[in-house]
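As given, the protein sequences belong to chains A and B, one line each in that order.
Anchor point for the first sequence: position 46 equals 46 in our numbering, and the numbering is continuous, going up by one each time.
Anchor point for the second sequence: position 295 equals 604 in our numbering, and the numbering is continuous, going up by one each time.
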Amino acid sequence: MMIMDTPSTNQSNKTSGMTRSVAYEPKGDAKSVNYAVIDAIRNGAVPEPTMHPEVQAPDAVIDIQKFNLWYNQDAKALHDVQMKVPRGAVTALIGPSGCGKSTLLRSINRMNDLIDGVRVDGEITLNNSPIYAPSVDVIELRKRLGMVFQKPNPFPMSIYENVVYPLRIDGERRKAVLDEACEKSLRSAAIWDEVKDRLKSSALGLSGGQQQRLCIARAIVADPEVLLLDEPCSALDPVATLKIEELINEISERYTVLIVTHNMQQAARVSDFTAFMYLGRLVEYGPTASIFQKPKLIETEHYVSGRFG
Amino acid sequence: MTQSTLEPPKPAPTPEPQPAQVAKPAHKRRRTLPSALGEPMVWLTGGALVTCLVMIILLFTMVIVNGSRTFWPQPIDQLELASGETLLGIETQHEEATDQTEARTLFRIGNRDIGQSSFRWINDANILNRTQPEDAVMLEREAWGIWFGFPQQIIRVDPETGAPEIIADDASAYFDEFDALHKQARGDRETVEHMKKHELGGINSLMDRARMRVQQAEIDASRDVSELPRFNIFGWGAVFLVALACVGAFIRFRHYGTDMGSPVARQGKLIRATSTVVLVISLVSLWVGSPWAGSSISESDVEQMRAELVETEAELQAQYDEILDEVREIEQADGRLRVTVVEPTTNQFSPTSQTLADQRLHMSQIVRQVRPNTMGFGEKLGVYLSRWWEYLSTFPREANTEGGVYPVIMGTVLLTLLLTLVVTPMGVIAALYLREYAKQGFITSMIRIAVNNLAGVPSIVYGVFGLGFFCYTVGSYVDVGPSESTRMNVMSWWVLLVLSGVLIIGAIATRLWSKPDPGKLPGRMNVVLQRLSWLVWGVSVVCVVMLVAGTPYFNGLFEARASKGTPTFGARGLLWASLTLALLTLPVVIVATEEAIAAVPNSMREGSYGCGASKWQTMRRIVLPGALPGILTGAILAMARGAGEVAPLMLVGAVKLNQDLPIDGEAPFLHADRSFMHLGFHIYDLGFQSPDSQAARPLVWTTTLLFLSIVFALNLLAIVLRAKVRSRMAGPTV
């Protein structure tokens, strides 16, 4: 778990922070810059995130309200995160390793439930229905969301069975329906032409990039309300990455996409909105263009231009 | 890092050597020590491996060579001894002279029924002349083992006068006539055996069944049913309504609390669980307490049944006698054909049996006649193969030292298959719970250690347990119901039934409320409830076991037979043997399955959960298929272990001889209650328990060879299956 690398912010101390992976080395001309917000965060404060006006009251699919998350008793990974994910757009979560962006993403379909000792506070709503209310059926919830993971994880079955897996577990048996959904979803994932002649062969025989597109096809086959992508290109080569990015662009016409990436260029290329996180806090959140060109915080500007982090 | 430690440190490049300034290193580099050289280790490890391989090859070679030569026909020697005796025999062993003993040879001389011992050591010095006469034959007989002699006559005895009609009067005529007549006689013999076994046996079992029916009716009639209260029609109707109400409640509330975010999810689950439990209890009550159940047989009914039985018996007896007459007729015709085969020592001919020494041997008593001294290779091969076929396809004779091992093979294979069928699902389910559902912690570790230790318990201990628990306790429960001491009072049984229902519902309720709200850590209340639910579950299980074990309403399935002193399941048998072996091999399957499950990557599980699959769906569709090759490996190991066990079988079901196969054409086809023969036990029996163990010794090798082949074949089957599964699961090389 990446979050374990994060220095405990409750008793934040500079030396430990410096030696950890969270690099904070002002370089060159940045030496004279005063990172007020970052310093406050590193001292354990939870500053109010800087919100651009465009994201203050959008038509939100996901609304994260004062969300906190602890691994075990005291390893706090998310601090009062508050953001609205706009409908029909691609929203990217960026930030240095261990900033809690994957944790936040996995909180939305409650994959964190699988880890012992996770505790949360606050609420997330998906299309106005609460996710963490008592007695939410996690299975129902996950069926409304699609998820793609860092490493392509096709199941050891045929390509066809991989794609229709969410429908199968939902009890769909009609072959015509499955066939149609399979083709549609594979076309949407831009992999139909490559696999249409070998749908019955094992999915493990595909290349890494193809496997990841297959996973995307699997994630969208049941028409999810939101597609969650957890660093989908981190295990792929540049060519495969490019294909996936093109695919995200296409898909975003139909689905709301929330993508975690540690690649700033990727965020700039594929997303409409970008949220910058640091040590479990949301730092700045706004349209991608403004975040990358005229961010309100000097920290964000230096982070997206690679001067720290 | 590793790189730098492996490579010798390079001296820092200095532009000019300045020896005066270089500090003397504290550690002087030495030449490579002899101990650093690996050569001796290569020899040592390689030698150890070679030793192992040699042992294995030796084992297999020995078994194969010794096992496969048993049936090859050996030449018959005629010996003239210094004492004037003349003997026929086959050389089986030769000892060179030593300081104390002279050179001597062991001959198999057979002819046990005229008082010879089967084997005899003869000093080489005593043998004056050793020839291999062409006419000498070796008769493999149905009884009394082998007969060596010279054929002289074939005669047909007149049934009335007893006067012999001579068919062949000298050796050459004998050999000319023998084959055709022998085939005919053996054919008749087989017909008779078949009739005795199937037709007479069938009538016997019909008669037995008819008697048992009457016996059961007598028992039922004599039982005092007033002590077992049943519902009257209104009470029964009321319970029926309760059952209907439960079904209704389940349907009515099937969607209750299943909406996302529903605050009454637990209540909904509890309602559905409660209605299911109450439904089950009402169904049990309806069944057990139905006014139509119980005995309605009166004394007069029994009288009538007795009368019918007499009729049936008479009818069956008539049929029996008819078949018996037919059998006798064939046997008599058969008995008329006799052979005179004389052995040279005392000029005795081969008798019908030891007690009928003046009667010549029946042609049909000869299983096979071998005349090895004139045979070519092809003929010998023919005899060899026919002996193998006989060995594999017929029943044993002569205290297992002759004949075949067909029932033994059947017993072994059936036992192994049954035990695999039992142990694999049981082990897989246990391992699934242990690895996927149970919270990993101290208790699961303890259970794992316990399971592993189970594999180290001496196997005879399982035999003792199987005999005591399965055969005598469970078996007698199946036969005659609960024993007097465990049978419960009727009222307390009904109270316990209701109590178990309440307890189970309580256990479900505490379990439901012991789970913390999503995203919350379990509070003190949750922990208390969870412990409580475990406790209540435990008590409920005990209650249910008591309910089943102590029910006053069950009187066993084979009461009549048991009342005659012949238990059906309450004795050693195939079912209990396979259950005992399943228990013995359970750890193997559990450990293998756990490892296989743990080896399924977590990313697969996450992917499945991310698709909205439940835990069970993930297990069924992702984890289990992924672990299937490993599970099959466990099953193969269990099979191999179980097939090779003998010690517990001696206690729970393997017997020296059982002519009734555990599987046959008579309903219910698989007779799991029967005792069976087992190759492992058979080997022990042949080698150490048979009256003529020296004659049986070659058969020990052959049986070992067969046992090895069968275990190997079963394993091969499973391995092929696993390979198929593997190739289906894995894609082309990634």
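Every residue gets a Cβ at the ideal spot worked out from N, C-alpha and C, and that includes glycine.
I need the straight-line Cα distance from A:Asn109 to B:Phe562, nearest angstrom please. 28 Å
Measuring alpha carbon to alpha carbon, tell me which residue in A:Val33, A:Val120, A:Pro295, A:Ser271 is nearest A:Pro313. Residue 313 of chain A lies beyond the range of chain A shown here (1 to 309); nothing can be said about it.
Pull up the CB-CB distance for A:Ser158 and A:Leu199, whole angstroms please, since I reckon it's below 8 Å. 7 Å
So which residues of chain B does A:Phe155 contact, with C-beta pairs closer than 9 Å? Met913, Gly916, Ser917, Arg930, Ile931, Pro934, Gly935
Kindly list the residues whose CB is nearer than 8 Å to the CB of A:Asp137, restricted to its own chain and excluding five residues on each side of it in sequence; keep chain order. none
If you measure from the beta carbon of A:Pro232 to each beta carbon in chain B, is any gap under 9 Å? no
For B:Trp453, which residues in the same chain have their Cβ closer than 6 Å to its Cβ, ignoring the five residues on either side in sequence? Arg421, Asp422
Just checking: is the beta-carbon of A:Arg168 within a distance shorter than 9 Å of some beta-carbon in chain B? yes
Bounding residues of the alpha helix (DSSP H) (the contiguous stretch that carries B:Phe686): 686-702
Between the Cα of B:Arg575 and the Cα atoms of B:Phe540, B:Ala901, B:Trp822, B:Thr927, which residue gives the shortest distance? B:Trp822
Kindly indicate which residue of A:Arg106, A:Gln212, A:Asp179 has the alpha-carbon position closest to the one of A:Lys196. A:Asp179
To be precise: take each residue of the segment 288-307 of chain A, compare its Cβ to all Cβ atoms of chain B, and keep it if any distance is under 8 Å. Which residues remain? none
Which listed residue (B:Ile463, B:Asp467, B:Ala482) has its alpha carbon closest to that of B:Ile475: B:Ile463
Looking at the unbroken alpha helix (DSSP H) that takes in B:Ala296, where does it start and where does it end? For chain B, the structure presents residues 310 to 1043; residue 296 of chain B sits outside this window and is missing.
Whole alpha helix (DSSP H) elements within the segment 228-276 of chain A, 4-residue minimum: 238-251, 264-270
Check B:Ala869 in the structure and name its three-state DSSP category. helix
Identity of the residue in B:Glu707, B:Val717, B:Val692, B:Glu688 nearest B:Leu701 by Cα: B:Val717
Looking only at its own chain, which residues have a Cβ that is under 8 Å from the Cβ of B:Gly790, when we skip the five neighbours before and after it? Arg796, Thr860, Phe863, Asn864, Gly865, Glu868
Residues of its chain near A:Ser185, where Cβ-Cβ distance is below 7 Å and the 5 sequence neighbours each way are ignored: Val163, Ala217, Ile220, Val221
Would you mind stating whether B:Trp885 and B:Gly376 have Cβ atoms separated by less than 9 Å? no
Using only the alpha-carbon positions, how far apart do B:Asp408 and B:Gly393 sit? 27 Å
On a CA-only basis, which of B:Arg881, B:Met928, B:Gly939, B:Ser923 is nearest B:Val900? Give me that one, please. B:Gly939
Taking just the CA atoms, how far does B:Leu806 sit from B:Cys852? 8 Å
Is the segment 506-525 of chain B touching the segment 640-657 of chain B, taking contact as three or more C-beta pairs under 8 Å? no
Can you look up A:Glu172 in the DSSP assignment and give me helix, strand or coil? coil
Return yes when the C-beta of B:Ser801 is under 8 Å from any heavy atom of the ligand PLP, and no when it is not. Of the ligands one can find in the structure shown there are none, so the ligand PLP has no counterpart to examine.
Given that A:Tyr165 touches chain B, what residues does it touch there, using C-beta distances under 7 Å? Cys920
Output needed in chain order: residues of the segment 49-71 of chain A with a Cβ under 9 Å from some Cβ in chain B. Leu69, Trp70
Contact list for B:Ser923 against chain A, beta-carbon separation under 7 Å: Ile139
Quick check on B:Ile365: does DSSP put it in helix, strand or coil? helix
Could you check whether the Cβ of A:Arg173 sits closer than 9 Å to any Cβ belonging to chain B? no
Any C-beta of chain B within less than 7 Å: which residues of the segment 186-200 of chain A qualify? none
Assign A:Gln210 to buried or exposed, taking buried as 16 or more other Cβ atoms, counted over all protein chains shown, within 10 Å of its Cβ. buried
Is any beta-carbon of chain B found at less than 9 Å from that of A:Arg213? no
Measuring alpha carbon to alpha carbon, tell me which of B:Val783, B:Val837, B:Phe704 ends up nearest B:Lys965. B:Phe704
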